[in-house]
Every structure is written in structure tokens, then in C-alpha cells.
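Take the sequence shown: its position 49, counting from 1, is numbered 49 in the numbering used here, and each next residue is one higher. We treat Cβ as the ideally placed atom computed from N, Cα and C, and that holds for glycine.
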Amino acid sequence: MSPQGFRPETISVHIGNEPDPATGAVAPPIHLATTFRHSADGERIAGYEYQREGNPTNDRLRETLAALEGGEDAITFASGMAAMTTLLECLPNGARVLIPDDCYTGLRMLCAEYLPERGIETVAVDMGDLDAVRVACTPSTAMVWIETPSNPKLKVSDIAALAEIGHAASAIVVADNTFATPLLQHPLALGADIVMHSTTKYFGGHSDVLGGALVFAKKAELSAKVAHRLHITGATLAPFSAWLTLRGCRSLGARMAMHCANARKIAEFLASQPQIERVNYPGLASHPGHAVAAKQMRDFGGMMSIELRGGREAALSMASKLNIFTNATSLGGCESLIEHRASVEGPNPRSPQNLLRISVGLEHVDDLIADLRQALA
Ligand SMILES: Cc1ncc(COP(=O)(O)O)c(C=O)c1O
């Protein structure tokens, strides 16, 4: 089945989910084999050799992800961080990389702790300030890393404008699309070269499977280099994890619609509460990135953060009084989560002490609002 002309909801159900040709099974089988029979002189019988290099369950997921993002190739990894690391390891020693000033802590730590060992310089820029990005994007810049909406402040950046700036410097433009998912935003169509995902989040959707992916606009030298590096360095996605992620993909459209609907109502409720100084949710007209988000996103997602009046104490007090929201890291599952990010970001937290990050789940929104209301009382 070709993804041509189908909407994301249809692609996520059908592409990579064709009935098993051997049995007609409508749900895909899991191929757990680590090795595949070949001829005496090493010729592959059905295209596979060894699980670390590739397996049929992973290939189904690759097909789904590539079709959803509109890319020519997708590569899956054992985690989002493995995807990120493998890609950054393909840059030459001494490269310069621009990253957002607000981004997932793991990227920030990778850039601070490991990339300098190879002389890779990372420069944190406010990606919403296009003039600042133009200045930072020198001719020696090898990669521009976008994360929009960003984690945890939900900053929005203009993917098309950033792709243009990056390409003018011949840089590779990568977008972490974890928060939005391809149900809401298509960075490749806006000019990015690569989309990165933590599939641990919305794709898996049930807080029970770790995974990552890169989707390439073009199947070319760089995608081949990344695939080879993964084969040799070994951060392969296990087939059972690929299967669980595929299962998550099939309901992604329905889940994202409800995450967005619930989040919009919760953001409006929280914005009306005097105890809350700021609600960072791009769906609110008051959000500084609202216009850009409305231009490049189909809806505004299920993630938000709030900044409370009364600093750290007020934030911890609210987080500790919630009954339905669980205090836990991660996001994108069915259950609503809340987290005081500064408490979990290691010795040099970047998040404000009064900030709580919220992953809005699939519970009834009135129950969620009632829970938030009692925690603020
Ligand atoms: C935006 C974003 N990118 C990447 C990652 C890393 O993904 P993983 O935890 O699957 O390694 C995370 C994890 O929280 C994330 O929130």
C-alpha cells in the first residue's frame, strides 16, 4: 500500500501494517530471530542477515515512520538518545552545531559532556530569534538542531525559516519532532533534512517501550552512513520494542486528537488561575510563538509547562497534592504526568524552580481539571 494521498491518521493505521503475507494475520508477527539463513557463500535469502543490522519487525516500523514524516528512509534505534548520539557521531571532528537554548536535557548534556571530546562545538541559541540564529550560523556550522515545541518551556521556532538559514550555510537541519509527532507537524515538508523522534513518547503511547528514530528526507549518503554506524555500534531497537511501537502507531491519530483537546481545556483553565504566573502552551493566543505554531502545526499538542507564583515551594506543593497526575518523568503516555523539572535535571538544572512540566493524558478532562483545582486550593 502506498502512503500517497492518505492523511496521517490513515497512514498510521495501514502503512507498515499490511497483513502478513505468509499467514494473512492482520496484526504483524514479531520476528525475534537474531540470525537469518543464508547460502553457503553468504548470499542472503530474504534480505536479512543479523538482527543488529535489520529485521522484518523493525522494517515495518521504519516504513510507518518514513510514510508518516514524508521521508525516503527511516532508521530506528534503542532510544531517542541513541538516535541523537548516532547522528551526532557522524559529524566530523571539530564541527560546529547550533542547538536551541531550551531543549531536552539529554541533548544539552550530550553536547556539554561528550561532543567536546571530539572538538565539536555546540552553541545554544534562541531559535525564536531568527536574527540571532543568522549571526550564530557561520559558514563552519555543520548542523542546526531544532526542537519545536521545545522541552520544557514549549518555545516555538519557525522550521521553514530556520531551514533556510541553515541551508544558506550548507548545514544539515534536524528537527526533534517528539512533542508534536507527524500527526501535528511535518518538519521535512517545511525544509528540514532529518526528523528525530523519541518514539518512547507518543508513538509508543503507553509508557512501556523505549525507542528512537531518525527519518531522512532523502535516502542518500548520510542515511547510509548512519545505518552503517548503527550496525557497527549496536544501539539497535529490539524487535519486541519495534512491535510495541507499531502497536502504538495504530492508535496515534486518535490519541493525539484527545491529548490536544484535553490540553487546550487544561491550558485555558490554568491560565485563569491567579496562583499561576505563566502557562507555556502554544495553543494559547497569549503564547509568544502562537502565530508560528498555528502556521506550522495542525494542533498544539498535549505538552505544556506552568510557572507558579511563589517559586519552588509553590510548585512542589501543587505537584505533591495531585491525585490523578503522577509525579514522573517522560511524557506522551495515556496517563497524565507532572514533573518539577529542576529537581531531576542533575547538578546544573536549567528549568526555573517554579516550573512544572505537564504531559496531558487521556483521562476525562473534567476529572483532570478538578484534580488541578484541588491541588491549587
Ligand atoms: C524532546 C525529547 N527528545 C529526545 C528525548 C530522548 O529520548 P529517549 O528518552 O527515548 O532516549 C526526550 C526524552 O524525554 C525528549 O523529551
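Cutoff 6 Å; reference residue i; Cβ partners in own chain excluding five residues on either side
| i | result |
| --- | --- |
| Ala-342 | Pro-349, Ser-351, Gln-353 |
Cβ-based neighbour list, residue i, same chain, cut-off 8 Å, excluding 5 preceding and 5 following
| i | result |
| --- | --- |
| Arg-309 | Pro-274, Gln-275, Ile-276, Glu-277, Asn-354 |
| Glu-268 | Leu-284 |
| Ala-90 | It should be pointed out that residue 90 corresponds to Cys in this sequence rather than to Ala. For Cys-90, where only same-chain residues beyond five positions count, the Cβ hits under 8 Å are Leu-222, Lys-225, Val-226, Arg-229. |
| Phe-77 | Ala-83, Thr-86, Gly-211, Gly-212, Ala-213, Leu-214, Leu-230, Ala-235, Thr-236, Leu-237 |
| Leu-368 | Asn-262, Ile-266, Ile-324, Phe-325, Ser-336, Val-360, Gly-361 |
| Arg-44 | Phe-36, His-38 |
Residue i - partner residues in DSSP beta bridges
| i | result |
| --- | --- |
| His-197 | Ala-213 |
| Leu-154 | Its beta-bridge partners do not exist; DSSP assigns none. |
| Thr-23 | Its beta-bridge partners do not exist; DSSP assigns none. |
| Ser-359 | Met-303, Leu-337 |
| Leu-308 | Ile-276 |
| Thr-18 | In the sequence as presented, Thr is not what sits at residue 18; that position holds Glu. Partner(s): none; Glu-18 has no beta bridge. |
| Arg-37 | DSSP lists no partner for Arg-37. |
Helix, strand or coil at residue i according to DSSP, with G and I counted as helix
| i | result |
| --- | --- |
| Glu-339 | strand |
| Ile-266 | helix |
| Met-127 | coil |
| Leu-419 | Outside the modelled stretch of the chain, which goes from 1 to 377, sits residue 419, for which no answer is possible. |
| Arg-255 | helix |
| Glu-121 | strand |
| Thr-326 | strand |
| Arg-134 | helix |
| Arg-7 | coil |
| Arg-44 | strand |
| Gln-353 | coil |
| Gly-346 | coil |
| Met-297 | coil |
| Met-1 | coil |
| Phe-203 | coil |
| Thr-379 | There is no way to answer for residue 379, as the model of the chain reaches only from 1 to 377. |
Own chain residues within Cβ distance below 7 Å of residue i, not counting five before or after
| i | result |
| --- | --- |
| Glu-345 | Thr-105, Ser-351 |
| Cys-249 | Ser-12, Thr-64, Phe-203 |
| Leu-68 | Pro-8, Ile-11, Ser-12, Pro-182 |
| Lys-153 | Asp-102, Asn-280, Ser-305 |
| Gly-70 | His-186, Leu-188, Ala-189 |
| Asp-20 | Pro-28, Pro-29 |
Is the number of C-beta pairs between the segment 169-181 and the segment 189-204 that are closer than 8 Å three or more?
yes
Ranges of the alpha helix (DSSP H) found wholly within the segment 141-191, counting only runs of at least 4
159-168
If we require 4 or more residues per run, which alpha helix (DSSP H) segments fall completely within the segment 51-108?
56-69, 80-89
Would you call the segment 323-340 and the segment 360-368 touching, i.e. three or more CB-CB distances under 8 Å?
yes
Taking three-plus beta-carbon pairs below 8 Å as touching, is the segment 153-165 in contact with the segment 285-292?
yes
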